[in-house]
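Asker: Next up is a structure, given as structure tokens.
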Amino acid sequence: MTERQPENLQQWRAQLHSVWANPPGWGSLAAVNHSTIGLRFIVTGMAFFLIGGLLAMLMRTQLALPDQALIDAELYSQLFTMHGTVMMFLFAIPVLEGLAIYLIPKMIGARDLVFPRISSLGYYCYLFGGVIILSSLVLGIAPNSGWFMYTPLSSAEFSPGPGSDFWLLGITFVEISALSAGVELVVSILRTRSQGMSLTRMPIFCWYILAMALMIVFGFPPLILASILLELERAAGMPFFAVAGGGDPLLWQHLFWLFGHPEVYILFLPAAGIVSTVIPVACGRPLIGYRWIVLSIILIGFISFGLWVHHMFTVGIPHLALAFFSVASMFVAVPTAIQIFAWLATLWTAPRVAFNLPMLWITGFLVIFVCGGLTGVMLALVPFNWQVHDTHFVVAHMHYVLVGGMFFPLVAGFYYWLPLVSGRMPSERLGRWGFWLTFIGFNATFLLMHLTGLLGMPRRIYTYQPGLGWDTLNLLSSVGGFIMAAGIATMLLDLLLHFRFGRKAEPNPWRADTLEWALDTPPSAYNFASLPTIRSRHPLWDDADLPRRIAQGEEGLTGIAHGRRETWGSDAVGGRVSQRVHLPGNSWWPLSAAAALALVCLSLLTQAYALALLATVVAAGFLIRWSWENGAHAATAPEAGQEAAEPPLVARGTDGPGLWGMVITLLANAALYLSLLFGWFYLWTASPQWSTPAEGPLSLAGLLVAGMLLALAVVFVQRASNALAQGDDDNLGGRLWISAALGGAHWLTLAWVLHDASLATTESAHDALLWFMLVYLMVHAGLAVLFSTLQALRVRAGYVSRQFPYEPFVIRPFWLYTLGVYWLGVAAFVLLPMAWTVR
Amino acid sequence: MAAATHPLQLVAGPALWALGFVALYGGLSVGCAVAPPDPADGSGTWLNASLIVMTLGLVIVMLYWAIRCARVAARDLPRESPQALIAGVAAALHLVSALATVAIALPALMLPPCL
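One line per chain: the protein sequences are A and B, in this order.
Heads up, the first sequence is in my numbering, so the first residue is 1 and it goes up one at a time.
Heads up, the second sequence is in my numbering, so the first residue is 840 and it goes up one at a time.
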């Protein structure tokens with residue numbers, strides 16, 4: 001693994017730059033570098049934030065005085081729906097993901113994330129999805145059912161226009177972006193840390209991002225499923241949420257909040273990661289309770305999934321079930337409190353705390369978030385929750401948690417990492433003005449709003465009569481809102497001006513301990529000229545010479561003559577390097593695929609289904625072509641065939657980031673499938689008009705034949721992989737072709753079962769769910785066939801062989817998953833109802 | 840069960856808590872839909888008893904895991920090794936998961952199930 005130190009430094013760094021740099025001009029749209037993509041996410045997210053803030057100001061203007069008629073009820077409904085939607089889906093998550101995408105490789109000593117083209121695809125899906133959603137506002141047809149889109153209000157009967165469709169299709173499109181970033185961050189953190197960076201030495205921020213990314217993987221699929229089901233109900237009349245057809249509107253609430261409550265912690269965790277990073281640096285000492293904080297991060301990751309029903313305390317659930325969720329909601333305060341005590345202890349024991357701009361915002365966070373947490377515990381108590389349900393008290397609590405728990409730390413993070421991005425320092429004076437105006441304005445707006453809520457003012461009303469005791473409080477809240485807006489404008493002005501007028505930052509201006517501060521400011525496209533060996537959790541505090549050695553090429557992975565983009569591949573626990581991960585370079589495929597997917601979205605919105613089908617085919621074509629430039633392909637790994645250096649390239653082994661990415665993606669897929677099973681069992685037990693036909697509509701013989709064909713296909717995939725693992729590629733292509741043929745026969749049999757069943761999908765939720773399950777299985781079977789076919793073609797082209805055995809091991813889990821969900825589906829949707837009916 | 844230093848230990852306790860939570864809520868819902876006990880029986884019903892027995896079973900497993908991880912963390916490993924971090928944090932996570940499981944099931948001792 002020892003690499004030769006470069007002899008001509010300037011020439012060597014120029015070579016590094018030529019391999020890693022973005023294309024110039026319009027070509028930069030094809031850039032895949034994580035720094036570029038991360039910054040694009042952040043800038044775009046902040047643009048959406050300004051739009052969301054503008055909507056909030058319009059609402060506060062309307063509510064400032066009673067009986068105002070500046071905005072009518074319809075527009076007001078659109079405003080509060082879009083404010084919540086923009087802030088949650090288009091600002092908060094993407095900005096935090098952008099920050100993670102920008103920072104994680106720099107913190108773990110890597111040159112890029114593991115799937116750079118997927119980063120780029122994610123960004124374009126986010127951008128196009130956001131523009132599509134916002135265009136509905138410009139056209140005056142924005143969704144108006146609230147950011148949670150409760151059925152039946154959002155169903156076709158009560159929301160006949162295209163507003164709900166904009167939300168459902170646009171948000172699902174944006175969620176592709178969130179999920180792809182989640183998968184990529186998990187794999188990057190676990191598999192590409194630099195030599196020696198064991199879990200014990202991993203920066204605490206990476207633990208937070210790892211948990212956040214895993215929560216996205218498990219938390220978003222329920223909403224994706226719910227959105228697809230509701231869109232099918234609206235467009236095709238399938239009654240998943242309509243009582244008359246055997247559906248239940250409460251199923252939407254369950255699926256939405258299965259996503260929606262973890263979402264709060266998906267936002268809080270990375271923000272808390274910023275706090276845990278900034279406080280020790282300001283204190284000049286390690287964070288107290290590293291292990292306790294790791295424990296609390298993991299606990300939050302799990303417990304936050306057990307709280308979703310506390311958003312549904314008033315819908316008529318048995319008291320005992322309410323008590324389960326009430327206790328869980330209070331319990332989640334425990335791991336949060338562990339972190340707060342760890343931060344306070346770190347501050348308390350510091351010899352001196354530098355109260356710079358980042359720390360000012362962290363202090364604001366501590367005050368506001370603790371207050372929001374306390375009102376959260378109040379709302380976890382069922383009787384109190386009933387009293388203030390749907391009042392402004394809940395609005396105030398939510399903003400204390402989200403603005404306090406996410407926005408304040410985010411701005412702290414902006415100020416903290418600004419010198420890294422720009423090489424310049426912000427203005428202390430403007431920055432302090434920005435903070436105090438925001439802090440005062442925020443509390444004036446939302447502290448008083450607790451009282452307005454306790455006095456009974458409901459949420460989502462566009463005006464109110466005078467004399468109810470709400471007049472003065474509302475006026476003060478509106479004034480506070482404008483003060484806060486002035487504060488945020490000042491802060492943003494400071495951020496913008498500093499790029500031109502800020503004084504030059506010295507290297508590592510905050511005296512930080514983490515690796516990103518070993519880089520040039522701003523960093524080069526390849527981050528680290530040479531990849532460091534890590535010997536402690538605080539590499540820059542314990543080894544002051546490290547930045548110089550990295551820059552001089554005295555650390556690892558210095559070779560660049562081959563022209564490949566490379567970073568280390570390491571094991572998940574110990575951080576021992578075992579591979580060189582070769583990464584794809586700049587590519588137009590992500591932009592092309594995202595544009596085609598946007599066209600699918602737009603044509604579905606306009607009900608141009610033929611165009612939607614065509615655009616889907618085009619998108620699939622782009623994605624297939626993209627996947628071709630992979631592995632040992634010369635566009636991804638030039639000269640891979642001529643080189644056998646140590647440690648080996650990923651394509652030469654049977655384990656690597658691609659395999660991990662596949663497994664993590666399948667976990668997300670499994671979360672969606674489990675949500676579908678939950679929907680099935682929920683409607684079966686709870687829907688008032690659910691009915692199961694006496695005889696199942698699906699052909700059992702057909703299903704058994706299809707299952708046997710699929711099992712046989714998996715046997716051939718397994719045999720191909722096992723033989724390859726032993727260095728035997730004699731009949732590799734043949735086995736893959738056979739698996740594809742068997743998979744194709746399985747698909748055709750399923751198609752026949754579906755055709756033969758004559759399901760009444762518009763009359764019965766039972767039949768509609770059966771239809772959905774079969775289509776889900778057919779999509780998976782189709783993809784599995786496609787993967788095997790592509791692999792067989794790649795064997796023929798020489799990209800997969802004994803020398804490059806990696807790819808069949810990546811597709812194998814997909815086949816196994818397809819087989820697993822098939823039989824689980826048959827058992828839950830067909831065999832169990834049969835047994836129940838017989839009973 | 841994997842070795843006490845396996846990274847899956849970091850999620851095993853909370854995952855079992857989550858499964859228990861789903862079983863508690865799902866079991867209650869299915870029980871109330873299929874054979875709801877008489878509300879007049881208060882909390883002394885077969886459904887409450889089943890939920891509590893299930894909880895106790897889960898808690899015993901979690902406590903066993905906690906003791907196993909704690910022993911390995913205390914005796915066998917250098918403190919700064921990643922394995923020590925995994926075993927130590929996992930022991931605490933198993934213990935907290937057991938506490939959370941008990942806390943969440945406690946209302947089953949007091950409330951009628953389907954009211």
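We treat Cβ as the ideally placed atom computed from N, Cα and C, and that holds for glycine.
In this text the structure is predicted, and so the values were computed from the model without any measurement.
#1: Among the candidates A:30, A:472, A:750, A:528, whose CA atom is the shortest distance from the CA of residue 103 (chain A)?
#2: Taking residue 269 (chain A) as part of the beta strand (DSSP E), name the residues at either end of that continuous run.
#3: Would a check of beta-carbon distances place residue 200 (chain A) closer than 8 Å to chain B?
#4: Compare the C-beta of residue 254 (chain A) with all C-beta atoms of chain B and state if any pair is closer than 8 Å.
#5: Please state if the CB of residue 462 (chain A) and the CB of residue 62 (chain A) are separated by a distance shorter than 8 Å.
#6: Give every residue of the same chain whose Cβ lies closer than 6 Å to the Cβ of residue 537 (chain A), excluding the five residues on either side of it in the sequence, and list them in chain order.
#7: Need the endpoints of the alpha helix (DSSP H) that residue 737 (chain A) sits in, please.
#8: My understanding is that residue 547 (chain A) touches residue 507 (chain A), with C-beta atoms under 8 Å, so please give their C-beta distance in whole angstroms.
#9: Could you check what DSSP says for residue 391 (chain A) in three-state terms: helix, strand or coil?
#10: What do you reckon, are the CB atoms on residue 690 (chain A) and residue 246 (chain A) nearer than 8 Å?
#11: Here's the rule: buried if 16 or more other CB atoms are within 10 angstroms of the residue's CB, otherwise exposed. What is residue 386 (chain A)?
#12: Based on the DSSP output, what are the partners of residue 566 (chain A) in its beta bridges?
#13: What would DSSP say about residue 576 (chain A), mapped onto helix, strand or coil?
#14: Leaving out five residues before and five after residue 197 (chain A) in sequence, what residues of the same chain have Cβ atoms less than 8 Å from its Cβ?
#15: Output yes if chain B places a C-beta closer than 8 Å to the C-beta of residue 299 (chain A); else output no.
#16: What is the C-beta distance between residue 931 (chain B) and residue 894 (chain B), in whole angstroms, given that I count them as a contact (C-beta under 8 Å)?
#17: Just reading off the alpha helix (DSSP H) that residue 373 (chain A) is part of, what are its end residues?
#18: What did DSSP end up calling residue 467 (chain A) once you bin it into helix, strand or coil?
#19: When you compare the CB positions of residue 177 (chain A) and residue 125 (chain A), do they come within less than 8 Å of one another, or not?
#20: Identify which residue in A:106, A:51, A:114 has its Cα closest to the Cα of residue 636 (chain A).
#21: For residue 323 (chain A), go through chain B and note every residue whose CB falls closer than 7 Å to its CB, in chain order.
#22: Using DSSP with H/G/I as helix, E/B as strand and the rest coil, what is residue 719 (chain A)?
#23: Once DSSP output is grouped into helix, strand and coil, what is the label at residue 460 (chain A)?
#24: Where does the unbroken alpha helix (DSSP H) through residue 513 (chain A) begin, and where does it stop?
#25: From the DSSP secondary-structure annotation, give me the bridge partner or partners of residue 111 (chain A).
#26: Which residues in chain A sit within 7 Å of residue 856 (chain B), going by Cβ to Cβ distance?
#27: Roughly how many whole angstroms lie between the Cα atoms of residue 519 (chain A) and residue 285 (chain A)?
#28: Is it right to say residue 630 (chain A) is buried, meaning 16 or more other beta carbons lie within 10 angstroms of its own, or is it exposed?
#29: Give me, in chain order, the residues of the same chain whose beta-carbon lies closer than 7 Å to that of residue 397 (chain A); leave out the 5 immediate sequence neighbours on both sides.
#30: Could you give the residue range of the alpha helix (DSSP H) that holds residue 443 (chain A)?
#31: Does the distance from the CB of residue 219 (chain A) to the CB of residue 266 (chain A) come in under 8 Å?
#32: Return the chain-ordered list of same chain residues with a C-beta closer than 7 Å to the C-beta of residue 168 (chain A), the five sequence neighbours on each side being excluded.
#33: Any beta carbon of chain B sitting closer than 8 Å to that of residue 796 (chain A)?
#34: Is there contact between the region 138-154 of chain A and the region 646-664 of chain A, where contact requires at least three CB pairs shorter than 8 Å?
#35: Would you list the one or two residues that DSSP bridges to residue 201 (chain A)?
#36: Could you name the residues of the region 858-877 of chain B whose beta carbon sits closer than 7 Å to any beta carbon of chain A, in the order they occur along the chain?
Answerer: According to the structure shown:
#1: Ranked by Cα distance from residue 103 (chain A), the options A:30, A:472, A:750, A:528 are led by A:528.
#2: Bounds of any beta strand (DSSP E) do not take in residue 269 (chain A); it lies within the alpha helix (DSSP H) bounded by 249-283.
#3: The Cβ of residue 200 (chain A) sits closer than 8 Å to at least one Cβ of chain B.
#4: Answer no: the Cβ-Cβ gap between residue 254 (chain A) and chain B never drops below 8 Å.
#5: Contact: yes.
#6: Correct list, in chain order: 201.
#7: Taken as a continuous stretch (DSSP letters only), the alpha helix (DSSP H) holding residue 737 (chain A) covers 732-757.
#8: The beta-carbon separation of residue 547 (chain A) and residue 507 (chain A), rounded to 7 Å, stays under the 8 Å limit for a contact.
#9: Three-state result, residue 391 (chain A): strand.
#10: Between residue 690 (chain A) and residue 246 (chain A), the gap from beta carbon to beta carbon is short of 8 Å.
#11: Only exposed fits residue 386 (chain A), as fewer than 16 other CB atoms lie within 10 angstroms of its CB.
#12: DSSP lists A:582 as partners of residue 566 (chain A).
#13: DSSP, read as helix, strand or coil, puts residue 576 (chain A) in coil.
#14: Within the same chain, 108, 109, 534, 570, 575 come within 8 Å of residue 197 (chain A) by CB-CB distance, once the 5 residues on both sides are set aside.
#15: For residue 299 (chain A), the answer is yes, since a Cβ of chain B falls inside 8 Å of its Cβ.
#16: The pair is not a contact, with the Cβ atoms about 20 Å apart (cut-off 8 Å).
#17: Note, residue 373 (chain A): alpha helix (DSSP H), 357-380.
#18: In this structure, residue 467 (chain A) counts as coil in the three-state DSSP scheme.
#19: Against a cut-off of 8 Å, the Cβ pair of residue 125 (chain A) and residue 177 (chain A) comes out as a contact.
#20: Looking from the CA of residue 636 (chain A), the closest CA among A:106, A:51, A:114 belongs to A:114.
#21: Neighbours of residue 323 (chain A) on chain B, chain order: 946, 950.
#22: Collapsing the DSSP output to three states places residue 719 (chain A) in a helix.
#23: Residue 460 (chain A) carries a coil assignment under DSSP once its states are collapsed to helix, strand and coil.
#24: From DSSP, residue 513 (chain A) is part of no alpha helix (DSSP H); its letter is neither H nor E.
#25: Per DSSP, none; premise fails for residue 111 (chain A).
#26: Residues of chain A passing the Cβ test: 302.
#27: For residue 519 (chain A) and residue 285 (chain A), the distance between alpha carbons rounds to 21 Å.
#28: Here residue 630 (chain A) is buried, its C-beta having at least 16 other C-beta atoms within 10 Å.
#29: Cβ neighbours of residue 397 (chain A) within its own chain (closer than 7 Å, five residues either side excluded): 372, 375, 376, 379.
#30: Here the alpha helix (DSSP H) through residue 443 (chain A) covers 428-454.
#31: Yes.
#32: Cβ within range, chain order: 227, 230, 231.
#33: It does not: the Cβ of residue 796 (chain A) has no partner Cβ on chain B nearer than 8 Å.
#34: Touching, no, given that fewer than three Cβ pairs across the two stretches are closer than 8 Å.
#35: Answer is none; residue 201 (chain A) lacks a bridge partner.
#36: Of all residues in the region 858-877 of chain B, those with a C-beta nearer than 7 Å to a C-beta of chain A are 860, 863, 864, 867, 868, 869, 871, 872, reading in chain order.
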